[in-house]
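In what follows, a structure is listed as structure tokens, so that the remarks can point back to it.
Protein chains: 2
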Amino acid sequence: MPAGTMERVLIIGTGLIGASTGLALRSAGFAGRIDGWDVSSLERTAAAQMGAIDAAAASAEEALAAASKADVIVLAVPVLAIKDWMQRLAPVVGSGQLITDVGSTKLEITELGRSLFSAADTAAFLPGHPMAGKESGGAMLAEARLFNGAMWLFTPSTSESSPMEKEWRDWVGFFGARTLDMDAARHDELCAWVSHLPQMLSTALAALLEDKFGDAPEIGAIGARALRETTRLGASPYSMWRDVAMTNTGPIADTLFALEQRLAHVRENLRTPELRDEFALANRFRQRR
Amino acid sequence: MPAGTMERVLIIGTGLIGASTGLALRSAGFAGRIDGWDVSSLERTAAAQMGAIDAAAASAEEALAAASKADVIVLAVPVLAIKDWMQRLAPVVGSGQLITDVGSTKLEITELGRSLFSAADTAAFLPGHPMAGKESGGAMLAEARLFNGAMWLFTPSTSESSPMEKEWRDWVGFFGARTLDMDAARHDELCAWVSHLPQMLSTALAALLEDKFGDAPEIGAIGARALRETTRLGASPYSMWRDVAMTNTGPIADTLFALEQRLAHVRENLRTPELRDEFALANRFRQRR
């Protein structure tokens, strides 16, 4: 474990990612105090019972009070709620402290962080995004090993690192995650392609099939692995994706438009050699993975 | 095992499905003779070595000679090749014999079967489609249990069954497959939705990403399960899908067009409550499965 000065951590949002972060800290040997807060009393109670946090704040105000004493504050709520918390935290935190987040989109958060936390007397802000998750959320699914082998991206707006930021990066490494720094806008564009587009596509396909077939038994009878795989993400809840769509609208729209055009190209070439070229490109993409 | 009169089976096309059919027959207790033919000498030799067939014909002409003596002829080649074989077989087979196929599209095959095999002195024809397969083809991947628990669809054009057809249906049941009869046009429309659309979609997405990112390392670094699942079918070979696209063009084009429109709807509503409705529909579709 890192030999550092981090003694108190506050986790805002003790769902799957937040509670897993607490468990991963303990598993990596963190011996300090972990406070937690979640708007859902079920989530914060579950996180406390499983040992992901030592104590749950009883209210958002109590969480703000804990924030003033924390070395590191981890924001593990949806993206728009992360931005709200950044605004609320700014007046009560200061130099020497670190705020970091795990939000799925990074440009808006990174820009807000630069405007709120760039002065000498403010806390440091490190925008982060662990590429880990499950089909469903919630503290009950949390695991200390969730980040083991996963990629944990950072999109810092400055090249300087505060000591507490360096220490947090060490802890993330001790979780078993690999880390990579990238530009926030580039992050959002890439995530639109590899994560948000597959999600919207799967949702659109499942919604289309639901509209067309409803509870007709035939789809269940003859649909096989191809259908299951391409619609699996259709189970993802809107609550997790609303903020992603709101804060990465342009890049997601670009990828959707590109796919619409590509599907039209396939449709217009079902009987021409262009279809062979399309399969060859797709084969090459898969051979690289 | 069925107590019947089927003593000789000929399998045309000893790849994954054809060789698995031979193995499944043996595993279910079939004690008669199984001949096989494949244009690829590697495939037919492999099928013979693994016991899926007793002997491989040395040429297409020899296979035609074997056909004249077979009780059941299983056509396990791509759809256009199935149609070719139906034409070649018509003059050499006759009443009492059964031709059945395993092609992925059924309307063209069923209509050709009706025109070739409806008279009193012709062989019977039973169009079939086992919903089983693997990512790759070939005899080397064949398994006796491939059809166990799978759906084996039939699209007969008449409601009458010849004795040999009834016996073949019994064998399919002994393979562990469930069977369902449906109209050929309906089959092709449903398969367009649950199989061909997911394939074309996955191919288009993988081809688009290959065009856009090529060998850029970032996609590999941050792409996770969502990307892997939605592009997995992109590895499917054109050789398997060309005939499907050629013989089910209209229904596939309809599904692609519907999905294009649905993606545009999602794209135009990334920031409106319509997106919530889309997720709700998709959630409902998944809850049924």
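Protein chains in written order, with this note's numbering: chain A, 1 to 289; chain B, 1001 to 1289. The C-beta atom is built at its ideal place from N, Cα and C for all residues, glycine as well. Just so it is clear, the structure is predicted and the values come from calculations on it, not from any experiment.
Beta-carbon separation (whole angstroms), residue i vs residue j, contact threshold 8 Å
| i | j | result |
| --- | --- | --- |
| Ile17 (chain A) | Gly36 (chain A) | Not confirmed; about 12 Å, so no contact. |
| Val39 (chain A) | Ala67 (chain A) | About 15 Å; that fails the 8 Å criterion. |
| Ile109 (chain A) | Val74 (chain A) | Not a contact, Cβ separation roughly 13 Å. |
| Leu227 (chain A) | Ala1258 (chain B) | With 8 Å as the limit, Leu227 (chain A) and Ala1258 (chain B) do not qualify as a contact, their Cβ atoms being about 15 Å apart. |
| Leu116 (chain A) | Ala90 (chain A) | 5 Å |
| Phe154 (chain A) | Asp188 (chain A) | Not confirmed; about 14 Å, so no contact. |
| Glu43 (chain A) | Gly15 (chain A) | 6 Å |
| Leu201 (chain A) | Leu1263 (chain B) | 7 Å |
| Glu167 (chain A) | Arg1232 (chain B) | The Cβ separation is near 40 Å, so there is no contact. |
Partner residues on chain B for residue i, Cβ-Cβ distance less than 8 Å
| i | result |
| --- | --- |
| Thr249 (chain A) | Leu1270 and Arg1271 |
| Arg286 (chain A) | Ala1206, Thr1231, Arg1232, Gly1234 and Ala1235 |
| Ala245 (chain A) | Leu1270, Arg1271 and Leu1275 |
CB contact flag (residue i, residue j, <8 Å)
| i | j | result |
| --- | --- | --- |
| Leu256 (chain A) | Arg1267 (chain B) | yes |
| Thr1158 (chain B) | Gly1128 (chain B) | no |
| Ala1024 (chain B) | Ala1144 (chain B) | yes |
| Thr122 (chain A) | Gly94 (chain A) | yes |
| Arg169 (chain A) | Ala70 (chain A) | no |
| Ala317 (chain A) | Gly1234 (chain B) | This structure leaves residue 317 (chain A) out entirely; chain A is present only between 1 and 289. |
| Gly220 (chain A) | Arg1289 (chain B) | yes |
| Ala19 (chain A) | Met50 (chain A) | yes |
| Gly299 (chain A) | Ala52 (chain A) | Past the edges of chain A, shown from 1 to 289, lies residue 299 (chain A), and the structure says nothing about it. |
| Gln199 (chain A) | Ser236 (chain A) | yes |
| Ala139 (chain A) | Ala47 (chain A) | yes |
| Leu190 (chain A) | Glu1218 (chain B) | yes |
| Gly13 (chain A) | Val72 (chain A) | no |
| Val1244 (chain B) | Ser1027 (chain B) | no |
| Leu64 (chain A) | Arg33 (chain A) | no |
| Met1006 (chain B) | Ile222 (chain A) | no |
| Leu112 (chain A) | Lys83 (chain A) | yes |
| Leu1146 (chain B) | Ala1124 (chain B) | no |
| Glu260 (chain A) | Glu1260 (chain B) | yes |
Where the beta strand (DSSP E) containing residue i begins and where it ends
| i | result |
| --- | --- |
| Phe125 (chain A) | Ala124 to Leu126 |
| Ile1099 (chain B) | Leu1098 to Asp1101 |
| Phe154 (chain A) | Met151 to Phe154 |
| Leu180 (chain A) | Arg178 to Asp181 |
| Asp35 (chain A) | Arg33 to Trp37 |
| Val1009 (chain B) | Arg1008 to Ile1012 |
| Val1072 (chain B) | Val1072 to Leu1075 |
9 Å Cβ cut-off: residues of chain A touching residue i
| i | result |
| --- | --- |
| Phe1257 (chain B) | Leu263, Ala264 and Arg267 |
| Gly1138 (chain B) | None at all; the shortest Cβ gap to chain A is about 16 Å. |
| Asp1215 (chain B) | Arg288 |
Segment limits, alpha helix (DSSP H) that includes residue i
| i | result |
| --- | --- |
| Thr110 (chain A) | Leu107 to Leu116 |
| Arg1286 (chain B) | Glu1274 to Arg1288 |
| Thr1249 (chain B) | Thr1249 to Glu1268 |
| Gly1133 (chain B) | Element bounds for Gly1133 (chain B): n/a, residue is neither H nor E. |
| Arg232 (chain A) | Note, Arg232 (chain A): premise wrong, no alpha helix (DSSP H); not H, not E. |
| Leu1089 (chain B) | Val1079 to Leu1089 |
| Trp171 (chain A) | Pro163 to Phe174 |
| Leu141 (chain A) | No alpha helix (DSSP H) holds Leu141 (chain A); DSSP gives it neither H nor E. |
| Asp211 (chain A) | Leu197 to Phe213 |
| Ile1017 (chain B) | Leu1016 to Ser1027 |
| Thr45 (chain A) | Ser41 to Gln49 |
| Ile53 (chain A) | Taken as a continuous stretch (DSSP letters only), Ile53 (chain A) belongs to no alpha helix (DSSP H), as it is neither H nor E. |
| Gly1220 (chain B) | Pro1217 to Ile1222 |
| Arg186 (chain A) | Ala184 to Cys191 |
| Leu64 (chain A) | Ala60 to Ala67 |
Residues that residue i contacts on chain B, provided the C-beta gap is smaller than 7 Å
| i | result |
| --- | --- |
| Ser202 (chain A) | Thr1230 |
| Pro198 (chain A) | Ala1226, Leu1227 and Thr1230 |
| Ala177 (chain A) | Residues of chain B passing the Cβ test: none, with the nearest at roughly 12 Å. |
| Leu190 (chain A) | Glu1218 and Ile1222 |
Under 9 Å from the C-beta of residue i: neighbouring residues of chain B
| i | result |
| --- | --- |
| Asn148 (chain A) | Simply none; closest approach about 14 Å. |
| Leu180 (chain A) | Glu1218, Ala1221 and Ile1222 |
| Trp241 (chain A) | Leu1275 and Phe1279 |
| Ser195 (chain A) | Ile1222, Gly1223, Ala1224, Ala1226 and Leu1227 |
Any non-hydrogen atom of the ligand NAD closer than 7 Å to residue i Cβ
| i | result |
| --- | --- |
| Pro91 (chain A) | The ligand NAD is not part of the structure shown, which contains no ligands of any sort. |
Interface partners of residue i on chain A, CB under 7 Å
| i | result |
| --- | --- |
| Glu992 (chain B) | With chain B covering only 1001 through 1289, there is no way to say anything about residue 992 (chain B). |
| Ile1252 (chain B) | Leu270 |
| Asp1211 (chain B) | Leu281 |
Chain A residues whose Cβ lies nearer than 8 Å to that of residue i
| i | result |
| --- | --- |
| Leu1153 (chain B) | Ile222 |
| Met1131 (chain B) | Ile222 and Ala224 |
Inset, instruction - Please confirm if the segment 1157-1170 of chain B is in contact with the segment 1187-1198 of chain B, defined as three or more CB-CB distances below 8 Å between the two stretches. - result: no
Inset, instruction - Check whether the segment 126-143 of chain A touches the segment 272-280 of chain A, taking contact to mean three or more Cβ pairs, one atom from each stretch, closer than 8 Å. - result: The answer is no - the segment 272-280 of chain A does not touch the segment 126-143 of chain A, with fewer than three Cβ pairs under 8 Å.
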